Amino acid sequence: MAWITKDSAGARIEHRDEPYLTPEMADRLRNEILPRYETTMGALLPALHEIQHTYGWIPLQAMQEIAALLEIEPSHVIDTVSFYEEYWSHPKGEHVVAVCRSIACEFCGQCEITQACKDRLGIDVGETTDDGKFTLIELECLGSCGTAPAALIDETLHENLRPEQVAGLIDEAERKGRH
Ligand code: FES
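Okay, here's the thing in structure tokens:
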């Protein structure tokens with residue numbers, strides 16, 4: 006096994022003119038969130054939630070803006086974003102199909118579920134369809150081991166899944182429209 010390092014220090018950061026952290030968001034963080042914590046670091050997770058909830062993901066520029074507001078190192082922000090699976094550092098599709106890949110689901114046919122998702126969507130794990138509608142990911146245990154295999158489509162948990170159900174469930178999510 007070999008470690009593959011990323012050239013984070015040399016990475017180019019795209020900047021847009023207007024900040025992601027709007028003055029209203031910054032005010033709310035300063036006046037409502039920050040006073041609840043002993044250190045500014047305590048407000049990091051709520052600040053990241055705010056950005057992700059608003060934009061659907063957390064651009065590098067937004068991470069820099071949060072670091073400046075909280076007076077912490079940008080590296081702390083990016084470390085936090087990359088640690089938690091729930092934070093997105095790149096845009097995702099309108100719908101997210103997340104198949105559990107932990108051990109109970111793996112034993113109960115997760116590979117076939119993932120394959121059925123790939124077949125229906127025409128993408129690999131970690132990719133988004135060209136029309137921006139679906140992103141396919143795998144997650145660790147969804148807390149539904151007794152009814153494995155399990156997957157989340159947006160916020161709906163599907164248990165005891167069979168590969169032949171997958172296409173229909175994805176069609177249903179598409180019919181419901183933007184999540
Ligand atoms: S291992 Fe899949 S839900 Fe727990």
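Numbering (the numbering used here), first residue to last: 6 to 184. All C-beta atoms in this analysis are idealised placements derived from N, C-alpha and C, irrespective of residue type, glycine included. From a predicted model like this one, the values you see are computed outputs, not experimental measurements.
Cβ distance (whole Å) where residue i is taken to contact residue j below 8 Å
| i | j | result |
| --- | --- | --- |
| residue 141 | residue 157 | No, residue 141 and residue 157 are not in contact; Cβ-Cβ is about 11 Å, not under 8 Å. |
| residue 34 | residue 74 | 6 Å |
| residue 1 | residue 115 | Since the displayed the chain opens at 6 and closes at 184, residue 1 lies outside it and no answer follows. |
| residue 137 | residue 182 | Contact doesn't hold; Cβ gap of about 13 Å is too wide. |
| residue 120 | residue 92 | With 8 Å as the limit, residue 120 and residue 92 do not qualify as a contact, their Cβ atoms being about 27 Å apart. |
| residue 110 | residue 155 | 6 Å |
Nearest neighbour of residue i, chosen from the options [CA to CA]
| i | options | result |
| --- | --- | --- |
| residue 133 | 96, 87, 174 | 96 |
| residue 31 | 72, 117, 163 | 72 |
| residue 62 | 89, 77, 81, 45 | 89 |
| residue 112 | 16, 36, 124, 165 | 165 |
| residue 18 | 36, 76, 70 | 70 |
| residue 85 | 100, 76, 68 | 68 |
| residue 25 | 77, 44, 53, 38 | 53 |
| residue 131 | 121, 144, 125 | 144 |
| residue 21 | 125, 106, 81, 66 | 66 |
| residue 107 | 152, 168, 169, 41 | 152 |
| residue 123 | 109, 171, 82 | 171 |
| residue 78 | 60, 64, 178, 46 | 46 |
| residue 28 | 55, 64, 160 | 55 |
| residue 167 | 150, 117, 126 | 117 |
| residue 82 | 110, 100, 40, 51 | 51 |
Bridge partners - residue i, DSSP secondary structure assignment
| i | result |
| --- | --- |
| residue 161 | 158 |
At 4 residues or longer, what runs of the alpha helix (DSSP H) sit wholly inside the region 105 to 157?
108 to 112, 115 to 126
What are the uninterrupted segments assigned as alpha helix (DSSP H) that are 4 or more residues long and contained completely in the region 30 to 105, given in chain order?
49 to 60, 65 to 75, 79 to 88
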